[in-house]
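The sequence shown finishes on residue 131 if you use the numbering used here, and the numbering steps up by one all the way, no holes.
Every residue, glycine too, gets a C-beta built ideally from N, C-alpha and C.
Treat the numbers as computed from the prediction; the structure is a model and nothing was measured.
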Amino acid sequence: MAKLGLVADDRLIELCGLLKDRCDTLVALAQWVALFYGDVYPIAEDITKHVTEEVKPAVQALITALASCEWSVVTIASTIKEVLAATGLKMPALAMPVRVLVMGTPQTPSLDKVLYLCGREKALERLAAL
């Protein structure tokens, strides 16, 4: 983390637990963890592919709902399900664009845990870059 210019906080242990199964080296783990602390720059191709005009209203609805919900994994999961029900989308149709915007990649561990550990302010800021 220090080599990446990042200072860890109390989320580090939980982040390592969430991400360790995706990593075969400590360097890979540090790179994943860095996404929660530093800036994220999604690849334009991922944005074009996943953040479509069809899904943007659902992302906006999620932003609104996340801004006022209790910030816990359980409540975030419930909020995502409510947005899916209201918009008629399936989980991948919403989750992949949210992951691209928040983490810079369409593939992450559990979306509710990722958003929770990212933190409300940073997650909403990244989603608002829509």
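Neighbour-count burial assignment, D25, 16 or more Cβ in a 10 Å radius: Counting from one through the sequence shown, the residue named residue 25 turns up at place 24. By the neighbour-count definition (other C-beta atoms within 10 Å, threshold 16), D25 is an exposed residue.
Given Q32 as reference, the closest of G6, P98, K57, R100 once Cα atoms are compared: Taking the first residue of the sequence shown as position 1, residue 32 is located at position 31. Closest by alpha carbon: G6.
Endpoints, alpha helix (DSSP H) assigned at T106: Reading the sequence shown from its first residue, position 105 is the one you call residue 106. For T106, there is no enclosing alpha helix (DSSP H), as DSSP marks it with neither H nor E.
Integer-rounded CB distance, given that L112 should sit under 8 angstroms from I81: For the purposes of this step, residue 81 is taken as the residue at position 80 of the sequence shown. For the purposes of this step, residue 112 is taken as the residue at position 111 of the sequence shown. With a Cβ gap of about 7 angstroms, I81 and L112 count as contacting.
The segment 2-18 / the segment 38-52 touching (three or more Cβ pairs under 8 angstroms): Cβ pair count under 8 angstroms is three or more, so yes.
Burial state of I77, where buried means 16 or more other Cβ atoms lie within 10 Å: Numbered from its first residue, the sequence shown carries residue 77 at position 76. So I77 ends up on the buried side.
Residue environment, R100, which counts as buried when at least 16 other CB atoms sit within 10 Å: For the purposes of this step, residue 100 is identified with residue 99 of the sequence shown, where counting begins at 1. Classification of R100: buried, given that the 10 Å Cβ count is 16 or more.
Beta carbon of A66 nearer than 8 angstroms to that of V84: For the purposes of this step, residue 66 is identified with residue 65 of the sequence shown, where counting begins at 1. For the purposes of this step, residue 84 is identified with residue 83 of the sequence shown, where counting begins at 1. Against a cut-off of 8 angstroms, the Cβ pair of V84 and A66 comes out as a contact.
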